[in-house]
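Peer 1: Quick note: to get our numbering, add 4 to the position in the sequence shown (first position is 1).
A virtual CB, placed ideally from N, CA and C, is assigned to each residue, including glycine.
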Amino acid sequence: APRRGKAARAAPRAADKDAAEEETAVATVDRSKDTLWFASDQSLSYLDGTLAGDVGFDPLGLSDPEGAGGFISPEWIAYAELIHARFAMIAIAGVAAPELLGRWGVIPAETALPWYSSGVIEPLSAGFDYWADPYTLFFGQVVLMGFAEFRRWEDYNNPGCQAKQWFIGMEGSFANENGDPKYPGGALFNMFSLGQTEEKLKTLKTKEIKNGRLAMMGMLGVFVQAAVTGTTPVTNLIDHLSDPMHANILTSFATPGGAF
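1. In whole angstroms, give me the CA-to-CA distance for residue 203 and residue 189.
2. Just reading off the alpha helix (DSSP H) that residue 211 is part of, what are its end residues?
3. Do residue 118 and residue 111 count as a contact pair if the criterion is CB distance below 9 angstroms?
4. What does the alpha-carbon distance come out to for the pair residue 25 and residue 46?
5. Name the one or two DSSP bridge partners that residue 242 has.
6. Name the residue from 55, 94, 179 whose alpha carbon lies nearest to the alpha carbon of residue 216.
7. Using the three-state DSSP reduction, which class does residue 96 fall into: helix, strand or coil?
8. Looking only at its chain, what residues have a beta carbon closer than 7 angstroms to the beta carbon of residue 67, apart from the 5 residues adjacent to it on each side?
9. Output the residue ranges of the beta strand (DSSP E) runs that lie fully inside the stretch 105-190 and measure 3 residues or longer, sorted by chain position.
10. Kindly list the residues whose CB is nearer than 6 angstroms to the CB of residue 222, restricted to its own chain and excluding five residues on each side of it in sequence; keep chain order.
11. Just the C-alpha distance for residue 160 and residue 186, rounded to the nearest angstrom, thanks.
12. Suppose you measure from the CA of residue 235 to the CA of residue 134; what does that come to, to the nearest Å?
Okay, here's the thing in structure tokens:
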């Protein structure tokens, strides 16, 4: 009987020890073959490679579920990064396209305005009105973008809800096929039916976030170039190719101009 009592008491202690080891385990997935950037044991405990573009980089612990609070949650961080990446990719194209099209004669030269003078309110405006004055454009954009962002926020909180709200007969295009607000899919957001398999879809997601991160860094470069050189990245590139000895990063910082 005493022996059975010791065994009975030892079993709970062994179970508690196993549970404690599970709680203190660091990595749940073997990522030894993944490309990692400044990853730590702590970051790898919650960045398990399931997110597109996950390289284990989180020095501030923003994606740590134990430190989540308010809007700062792992889901929101990943969602916000992707949305900013998509805006940045569109912005890079919008910065370069008008100037290039104007130089090539595709659009009138007077409409090929620098990005920092296009459609903004005076005194920064170039004095050119499109189909409306800058004030009308600005407030129109506030209303339209506010409407779009509000609907996107609703879909983030309740994926697929936009398909249930009437929207001039287009509500079926907003159906969220997989319940993921980052990748709603459907005829409107995946009109070419890309990523039909999980492997292809993961590849496309990784390419998107990687290009988006480059675009976000590129937009930062565009801002700095405008503040330092007083012109656009297309003009900077053409000037550098024409005279690399006198138009480069060293001469730019030596003689700062500024567009603002």
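Peer 2: This is what the structure holds:
1. C-alpha of residue 203 to C-alpha of residue 189: approximately 16 angstroms in a straight line.
2. Where residue 211 is concerned, the enclosing alpha helix (DSSP H) starts and stops at 202-233.
3. Contact flag unset, no.
4. Confidence in residue 25 is poor, its pLDDT being 46 and thus under 50, which makes the residue's placement too unreliable to answer from.
5. Answer is none; residue 242 lacks a bridge partner.
6. Of 55, 94, 179, the smallest CA-CA separation from residue 216 is found for 94.
7. If DSSP states are grouped into helix, strand and coil, residue 96 belongs with the helices.
8. Taken in chain order, the residues that qualify are 50, 51, 78, 81.
9. Complete beta strand (DSSP E) runs here, min 3: none at all.
10. Cβ contact annotation for residue 222 (same chain, cutoff 6 angstroms, sequence separation greater than five): 96, in chain order.
11. So the alpha carbons of these two residues sit roughly 8 angstroms apart.
12. Approximately 21 angstroms between the Cα atoms of the pair.
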